[in-house]
Structure formats: structure tokens, C-alpha cells
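Here's the structure we're looking at; comments come further down.
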Amino acid sequence: MKIKINNQEYEARAGETIYQVCQKNRIKIPTLCSLKDFHEGLCRICVVEQNGKLITSCNKQVSDGMEIATESEEVSRARRINLELLWSDHAGKCVTCKKNRKCELQDLAEEYKIENFHFVPRKEELTIGEELDLLKDNRLRVVVDEGNPAISRTTELCVECRRCINVCPTKEFGFNNRAGDVVVGTPYEKPLDCIFCGQCVKDCPVGAITDKNDLPKIIGELDDLKKMAVALVDPAILESVAFEQEEMDSKEKIVGVLQAIGFEKVFDLGFGMELMLEQMEKKIKDSPGKNIILGHCPSLNLYIQKYYPQFVENILNVANPDEIMAEHIKRDYAREQKINPDDIAVISISSCTAKKVSKSENLDYVITVRELGRIIRQKNIKLADIKQTDFNNELVRSLAPPGAKLLLNGKSAKNIIRTGGAAEILAKKTKAKYVVADGIEQIKNILNNLSKSRIETKIIEGMVCPGGCVNGGGQSRNFKF
Amino acid sequence: METEIKIITQNWGRINPQSIDEYIAAGGYQALFKFIKEMDPEIAVEEIKTSGLCGRGGAGFPTGLKLESVQKEKVTEKYFICNLDESEPGTYKDRMIAENDPHMLIEGIIIASLIVGAKKAFIYINGNYKKSAEILERAVGQAKQKVFLGPAILHSRYGLEIEIFEGAGAYICGEETALINSIEGKRGEPRMRPPFPTQSGLFGKPTAVNNAETIANIPWIIENGGAEFAKVGSKKSPGTKLFILDGAVKNRDVVEAPLGITLKELIDNYGGGIYAGKEFWFAQVGGSSGRLALEKDLEMKLEYDREAKIPLGSGAILVVDKMADIHELLLSWASFFRRESCGKCVPCREGTFRLWEIAKRLRDGEISDRDKAAIEDILWTLNNTTFCPLGKFAATAFGDALQYFPKEIYKLSK
Chain A
177 MKIKINNQEY EARAGETIYQ VCQKNRIKIP TLCSLKDFHE GLCRICVVEQ NGKLITSCNK
237 QVSDGMEIAT ESEEVSRARR INLELLWSDH AGKCVTCKKN RKCELQDLAE EYKIENFHFV
297 PRKEELTIGE ELDLLKDNRL RVVVDEGNPA ISRTTELCVE CRRCINVCPT KEFGFNNRAG
357 DVVVGTPYEK PLDCIFCGQC VKDCPVGAIT DKNDLPKIIG ELDDLKKMAV ALVDPAILES
417 VAFEQEEMDS KEKIVGVLQA IGFEKVFDLG FGMELMLEQM EKKIKDSPGK NIILGHCPSL
477 NLYIQKYYPQ FVENILNVAN PDEIMAEHIK RDYAREQKIN PDDIAVISIS SCTAKKVSKS
537 ENLDYVITVR ELGRIIRQKN IKLADIKQTD FNNELVRSLA PPGAKLLLNG KSAKNIIRTG
597 GAAEILAKKT KAKYVVADGI EQIKNILNNL SKSRIETKII EGMVCPGGCV NGGGQSRNFK
657 F
Chain B
59 METEIKIITQ NWGRINPQSI DEYIAAGGYQ ALFKFIKEMD PEIAVEEIKT SGLCGRGGAG
119 FPTGLKLESV QKEKVTEKYF ICNLDESEPG TYKDRMIAEN DPHMLIEGII IASLIVGAKK
179 AFIYINGNYK KSAEILERAV GQAKQKVFLG PAILHSRYGL EIEIFEGAGA YICGEETALI
239 NSIEGKRGEP RMRPPFPTQS GLFGKPTAVN NAETIANIPW IIENGGAEFA KVGSKKSPGT
299 KLFILDGAVK NRDVVEAPLG ITLKELIDNY GGGIYAGKEF WFAQVGGSSG RLALEKDLEM
359 KLEYDREAKI PLGSGAILVV DKMADIHELL LSWASFFRRE SCGKCVPCRE GTFRLWEIAK
419 RLRDGEISDR DKAAIEDILW TLNNTTFCPL GKFAATAFGD ALQYFPKEIY KLSK
């Protein structure tokens, strides 16, 4: 069918929304709450005009002969007022916010020139009673949750867009309270105790859900001349890091930047993945059992522990590639290079937020792509001037026995950052059957079938993030898988 | 005054509401007998369409059309819901129906459910109406004993079960999609339309949601015929209506009057006129979400009409005299909607909150020019961009008051 947008004809298919048609044709419509599969129409910022009436474009399906204006006086008034209403509950907190310069609300406020705050009372206009009320309201509305190692939440910055509610695989969040007191939270505001896949962090348009970290400490380690900071670069982040900092468009450039911000050594985690696969292969061959669940998705491990404890025994007990490498670095590599292991800080840069929960003593920190972006921005480095460098290979040389055949070369390590990659390789090696589950729905399905003994296979691989680590919860917010 | 026809209040005060036998003795459940013995659901829905009955909850949607569209859905599982949430401030007509003549309501629910083909009906009752819920519960039990309810009603092929569902008293749950969410155990929030509940409502099945007062009219229509009903009241929306008179009138009560009556007649003939020593200023028609009627609007006909300047709404009439403090009134409207917004969409959640803040400053006489601009912006966005009609309701009375009485409202401003 044909529809008219801004007096120009466009082709559209039945069932598509106005927003989708506009996106396809590169007509910009701002939105704060829409996500790929979820269009609730809550923010009322994606409004467009049809026959003099304002409608939300994200959940209105097209019909033949529809005439839409994406910009008009009314439309921009609606967007401006609704943005300002959100902004007036939010403003003034940007400088201290982790999402500063990477915030969708901030971007929109800038685009729509939200300069005046005419909804916010001025101090001198307030009566004492009102000030007390405001204080009370504020305290009622703000919930801060820092009770876990991976995800920190503060409702002070929340715009109640419900993306986290929609995207969460285990449905941890919901709306609490009503009207102006609405906050997004867990039931009874219990501290978040989930599987930490981090999808909510990735999709939060503002700074309400962010990575929990010790960034000042990490930067301290980087700057400390006595300490040797070692970076482990997950192959999964290579695709997304350019969305944090445009200039970081190649592997070599990323290594160069990492060295510039203070990492003495930069290793490829692909090597750790090979070691992990080797260990897995050995264990699978040795094990007589069936239905072995590969344990390299930390979220999946947590999920099984929480919801299907009967299958904890089935999880293949192999350490994360990060941990394997960190152990080698602190033990063998340190001995070889004659460095005190206490002076080495191993920092894994990963697309996985759940690794923050499962990290061991050898692995000092796990940071996400977003946090790497923050460190780079904080360091104020001229990225354009940085030379391209390759990964350090000493580790491979020092560890791999002469003449040893590794399972993969660096390139095919990329396969296992996608769902099913590891299972496929292992199945080939061990000549066993395998089953793959991508995303929580398939995982649930397989585990339920497993409970009823409907599945009999050798290897089961599951990734909580749809698509695998490449779409992990620690990727850049702008990266669209 | 014309000869009065009482439809809904015919038994009020005359029979014991807790006794099904007294209701039957007064001619009750005759409509149900007639429906089962003589009528098909298709014929019955035609009768209701002929009657011109329209929704008494406020929107005034033709009841016949609504029932017909559910009836036409070719699914075996359908639901009927009686909306007794009634949380509009100053509105208590549905509660009076439930307490004074519960069997009339139940008879209406049974007939309407059978018309649409539902095997299960819910009465969604405001959680604050504990006593009414008990009365209804007892009435449902009595109806079951008389085989008016159950797997084979009066030993016919029809079956129906009625469940009384107590809400938690949220205003938004009177909106039909929010009400459906509430019964499903979800948060009481409006849903996106389409699909309309008549196609995909409760548990994804076709659902008819009707106001209690609307349903209470159905037995009379079935018994006396749609044409007879259409003769009562105004042409545009026939029938009678329960009006709740409140404020500066002598009789503050629920009264039944034919639709099409003018506001002045209603106040004078049914309300006993304005309270002695008071002077009429304006009337709010339809509860907190209603528009304001000034002295010049007193001759206006009260009826359901899409083009009406002042919609009838729930039928609550608040008469305000010149002694009233307009600022307190503004604040009470604003704080009601600030409390009852569900918090789903931005303009309503944030807008009603800011409006309430400004209303407090208005009361204290500390309003600035910036606030005046802010009020305009908030009312505009509430009117034009909210997800469901609640946003619009929140802006209606406030906007009217500002338009009609700017001098009185801004009198104290700096």
C-alpha cells in the first residue's frame, strides 16, 4: 500500500507501524521508549500528526492512503512539552551521571532546545509546607540499589520508559506505586538478584541502570607506574566498540588505544577461548554422562542455579576464558617475566556483564564496552593520532608447547561468541550430538523438555543474550545486533 | 413535569433488596423468563438496538452495537463484565443500584451475557464497596438456588456463572481495558486500542464491558420492548438516568429523571432548588472529569450526544455557589488526578503532578507569570497527547475554570 509522509508517497506493508516505515525511509522520529520488539507508546515523544490529530507513530499501524506529517507546529509542541516534563524531573544531574554524553534524554533535550524549566518551582516561590512535601516526595520516589556486583540502579534518573521491564528475560522489574510516584523496581524493592545478563543496562536510555564498577580504582591501576595493567580483549567487543568511540574501527586501533590509556599488555581473549575449548573437549570425552550443559555463559549458570537447580550437576565445570588466561598471566607469565603477581592487574574487557559476578581472584576487574568508552572519554586522548598496534603474543608463545596444535586460529575464535559456535566445534571434535538454545525462551524450552526427559543428547549450549556474546549485555548501547 | 417513569429505581425502598422472593413478587425475573422462552439472542439485541440505550458510564456508546459486535464474534469463549468500579468523586449511583436492587442488576447481567454468548460474567466492583459486594454475593447465591444461574438456566440450553471481582479502588480501572488488565492480574493500566475489547478483551477473548446502570435497564427493555423504551426521555438518547445531585442544592440525593431534562429543571424539580441563601455560580456535570456549566447553560438538555458542549458523563451534578473557594476546588481536582493517574505515559504522570504543584501555589496565592504559561502547556499536552482519556479528563474542569474565571483564580497572584 501507499502512504503519504510529509506530502511524499512511500511504499508500506500492512502490519507495519508508521515508525517502522519512517525508519526504513530514513525519516527521523525521536523516541525514548521504543525498542526493536516493544512499542508501548508511553513517552509520547514519537507523536506525529494525522488529520490534525496527534497519534503515536510507534504503535499505530499504517493503513492505505494514510497521510502523516512527522513535523508540524503541534508535533514539535507536544514533543517539547513532554520532553520538558521529563527533563524538569531530571535536570541538573548530568555532570555526575555515568551516562553523560551518552544519554538519549540529554540528546533529545539538546535537539529540542529544552532551555527553560517553567514547570519547576523556584526556591523563593515555595512555602515551607511545599518544601517539606518536595523533600518527602523525593525520598519516596528514589530507590537506589547497589547491592550486587554487576548492575547499579537509581530511580532518580529513571524516565519510566519500561524498556528494562520489557527486555528483561527473567522479568525482574515492574512498575511500583502509581501516578507521579511511579518507580521502576523489583517486587517490594528487594535488592536485585537476577542472572545479570545486562540487557537492561544496554537498553536504558538514561543513567537509571548502569554498570556497577570501580572506575576510579581501575583508572588508578592504569595510571600507577608500579603496576602492570593487562587487558584481555574479548573478540565480541570488536564489533561494538566503534559505537562508543567512532575512531576505534579496527582491531589494531583498539589495541593502540588501550595501550595509550595505560595498559602495558593487551592480549586477545580468543586464546583463552581456545584453552577453554580444549578443557571442555577433554572433559566431554572423559565424561560418560549425557546432556552436558556447557557452562561458558555465566548468566545461564546463574539461571540454572536459580530456576532449575536440578540441572546444576549437568553444567560442565570449566572456568571462563578470562579466568584461565588470568591464572596463566599471574602464575606462568609472571614467573617467566619475573614480575610479582601482586603488581599485575588483569582487566577483562568484555561484552558480558554477568562475568562481573563470577570473576575469580586472579581476574581483578571485568569492564564492559561502555565502561571502556567512559575511561577513554575521561582520559581525553586524541584518538586520531594513535598508531595501530597488534596484540601482544608473548603469552601464546610462552604457554603453547612447541609444535602443539591449537584448536582454532585467532579467526575462528569469533565463532564461539555467537550462539552455537562452541557446541558445534566440540561436537565435531567429540563426534557427539548437540542442541543449541538461543535466548531465554529457547533455554526454558530445552530445560523444560529436559525435565520431562524428552531430550537426549550429549552437548547442550545455551546463551541468555539472544544471538550470543556478540549481542551481550555489555556491548555499546548504540550497537544494534 | 411529565408523568414520571421509573425504570431503575422502581423497586427502591419498596422491596427488601436481600430477598429474591420480594423481587420476583414485584415482577422481577420476568424478563429472563421471556428471554429464554420467547427470544433468540439476535432478536434480543435488535430490541436493545431499537431502544437506543447507550452506555451510562460516561461515554454514551450505543449498548446494542457493543453487545452485537461481541455476539457476532465466532468464538465459543466470551466474557461479559459489569463495570461497578465507580470511582468518580461524588458518584455513587451504581452503588445505590447494587444496594437497593441487586437482583435487577443480576437479571440484567444474565440476559446481557446470554445475548453475547458469554458463559462467564464478572462483576468488577470497587474494592471500597465492601457492603455492596456482600449484598451482590448473597443475591448471586439466591439466583443460583432459583436456577437463574448455573449450567442450565431454567433448565434451558443456556448456562452462566457470575463471579464478583473486587478491585482495589483505582480510578483508572473504570476504563475498560485497564479493568480487563486488573481482572487478569496485571497492573491496572489501559491497553492499546485496537484491538478493541469486543474483539480481544479478557484473556484475549471477545468481551463486553458495560456499566452497571446500563445493565440495570436491560430487563425493562426486554420486558416492555425496545420501542417502548425509545419513547422515554430524549430522542437522541432515550431512557431515564440516575443523577447524583450534590453541592448547593436542597436535596442531595440520587434521583431518576428522564434524559433530555434541562439542568435547571433537574436542580429545581428534583433537587428542590438552590439551598436557601446561596447563589448559583456554576455546576460541574459528570464528576471530577466533567465540564462546567454556567448560568447561561442552565437550559441545556442533559443527554448523551457526541456533539454536546457539555457531556453528561456519569451523571454527577455538583452545584457550586458563589461562596465556594475556587482555589480549593482546583486543588481538589488536581490532587485527585495526581493521585489516580496510573503513571504509564509521560504527559499524564508528570503533567498531573506539576499541575497539582501549581494548584497548591494557586491556593497560596504565589503564582507567577511563568506558572500561567506552564498551566497552559500542561493542559494542552494532557488534552492532546495522553495514552488514554484520563489525561483529557484531568485537563477538562481545570481548563474550563481557567477559561471562565481567570479573574477569580488569578486574583491573589503576585
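As given, the protein sequences belong to chains A and B, one line each in that order. Note that this note's numbering numbers the first sequence so that position 303 is 479, with each residue one more than the last. Note that this note's numbering numbers the second sequence so that position 384 is 442, with each residue one more than the last. The beta-carbon is built from N, C-alpha and C at its ideal position, and this holds for glycine as well. Bear in mind that the values here come from a model prediction, so they are computed numbers and not experimental data.
Under the DSSP definition of a beta bridge, which residues are partnered with residue i?
i	result
Lys298 of chain B	Here residue 298 of chain B is Thr; the residue named in the question, Lys, does not match the sequence. Beta-bridge pairing links Thr298 of chain B to B:Pro316.
Arg339 of chain A	Bridge partners of Arg339 of chain A: none, in fact.
Leu360 of chain B	DSSP lists no partner for Leu360 of chain B.
Gln237 of chain A	A:Thr193
Cys198 of chain A	In the DSSP output, where bridge partners are listed per residue, Cys198 of chain A has none listed.
Ser526 of chain A	A:Thr544
Ala521 of chain A	A:Ala405
Phe223 of chain B	B:Tyr182
Asp427 of chain B	Its beta-bridge partners do not exist; DSSP assigns none.
Asp152 of chain B	Paired residues: none, contrary to the question.
Give a yes or no on whether the minimum CB-CB distance between residue i and chain A is below 9 angstroms.
i	result
Arg397 of chain B	yes
Gly409 of chain B	yes
Lys469 of chain B	no
Cys231 of chain B	no
Glu242 of chain B	no
Glu56 of chain B	Residue 56 of chain B is absent from the structure shown; chain B starts at 59 and stops at 472.
Cys140 of chain B	no
Gln461 of chain B	no
Glu165 of chain B	no
State the CB to CB distance for the pair residue i and residue j, rounded to an integer number of angstroms; the pair is presumed to be in contact (CB under 8 angstroms).
i	j	result
Ser652 of chain A	Arg553 of chain A	That belief does not hold up - the Cβ atoms of Ser652 of chain A and Arg553 of chain A are roughly 13 angstroms apart, past 8 angstroms.
Ala315 of chain B	Asn141 of chain B	Not really, about 22 angstroms apart at Cβ, beyond 8 angstroms.
Leu445 of chain A	Pro517 of chain A	At roughly 20 angstroms, the Cβ-Cβ gap does not stay under 8 angstroms, so Leu445 of chain A and Pro517 of chain A are not in contact.
Ile181 of chain A	Cys198 of chain A	6 angstroms
Ser526 of chain A	Asp410 of chain A	5 angstroms
Ser399 of chain B	Ala355 of chain A	4 angstroms
Arg594 of chain A	Val522 of chain A	About 25 angstroms; that fails the 8 angstroms criterion.
Ile222 of chain B	Glu242 of chain B	Actually they do not touch by this definition, with Cβ atoms about 16 angstroms apart.
Gly350 of chain A	Pro363 of chain A	7 angstroms
Cys370 of chain A	Cys641 of chain A	With 8 angstroms as the limit, Cys370 of chain A and Cys641 of chain A do not qualify as a contact, their Cβ atoms being about 13 angstroms apart.
Cys406 of chain B	Gly348 of chain B	Rounded, the Cβ-Cβ distance is 18 angstroms, inconsistent with contact.
Ser372 of chain B	Gly116 of chain B	5 angstroms
What in chain B is Cβ-close to residue i, meaning under 9 angstroms?
i	result
Ala223 of chain A	A small correction: the amino acid at residue 223 of chain A is Val; Ala does not occupy that position in the sequence shown. Those within 9 angstroms of Val223 of chain A in chain B are Asn442 and Thr443.
Leu308 of chain A	Under the 9 angstroms cutoff, chain B gives no residues; its nearest Cβ is about 12 angstroms from Leu308 of chain A.
Is the Cβ of residue i closer than 9 angstroms to any Cβ of chain B?
i	result
Ala384 of chain A	no
Asn170 of chain A	Absent from the structure is residue 170 of chain A, since the part of chain A shown begins at 177 and ends at 657.
Val335 of chain A	yes
Ala254 of chain A	yes
Leu281 of chain A	no
Ile257 of chain A	yes
Glu250 of chain A	yes
Arg220 of chain A	yes
Leu584 of chain A	At Leu584 of chain A the pLDDT is 46, less than 50, meaning the model places this residue with poor confidence; the figure from the coordinates comes in the next sentence. Leu584 of chain A does not count as touching chain B.
Leu230 of chain A	yes
Taking Cβ-Cβ distances shorter than 7 angstroms, what residues in chain A pair up with residue i?
i	result
Gly344 of chain B	Here the premise fails: no neighbours, minimum Cβ distance about 21 angstroms.
Thr439 of chain B	Ala254, Ile257 and Asn258
Arg426 of chain B	Contrary to the premise, residue 426 of chain B reads as Ser rather than Arg in this sequence. Ordered by position in chain A, the residues that pass the 7 angstroms Cβ test against Ser426 of chain B are Glu301.
For a contact meaning CB atoms closer than 8 angstroms, what does residue i contact in chain A?
i	result
Cys446 of chain B	Under the 8 angstroms cutoff, chain A gives no residues; its nearest Cβ is about 11 angstroms from Cys446 of chain B.
Ala432 of chain B	His294 and Phe295
Residues of chain A with CB under 9 angstroms from residue i, in chain order?
i	result
Gly262 of chain B	By Cβ distance, chain A contributes nothing, its closest Cβ being about 18 angstroms from Gly262 of chain B, past 9 angstroms.
Residue i touches chain B at which residues, Cβ-Cβ below 7 angstroms?
i	result
Asp265 of chain A	Glu408
Arg189 of chain A	In chain order: nothing, as chain B lies at least about 18 angstroms away.
Point to revise | Contact residues within the region 292-304 of chain A, judged by C-beta distance below 7 angstroms to chain B | key: His294, Phe295, Pro297, Glu301 and Thr303
Review point. For the region 203-218 of chain A, which residues have a beta carbon sitting closer than 7 angstroms to at least one beta carbon of chain B?
Key: Gly217 and Leu218
Check your understanding: Which residues, in chain order, does the region 361-377 of chain B contribute to contact with chain A at a C-beta distance below 8 angstroms?
Key -> none
Point to revise | Contacting positions in the region 341-372 of chain A - beta carbon closer than 8 angstroms to chain B | key: Gly350, Phe351, Asn353, Arg354, Ala355, Gly356, Asp357 and Val358
**Study point:** Contact set between the region 406-439 of chain A and chain B, restricted to residues whose Cβ is under 8 angstroms from the partner
**Key:** none
Check your understanding: Given a limit of 9 angstroms on CB to CB distance, which residues of the region 107-119 of chain B reach chain A?
Key -> none
Point to revise | Chain-ordered residues of the region 170-201 of chain B with a beta carbon less than 9 angstroms from chain A | key: none
Check your understanding: Relative to chain A, which residues along the region 287-319 of chain B have a C-beta separation below 9 angstroms, given in chain order?
Key -> none
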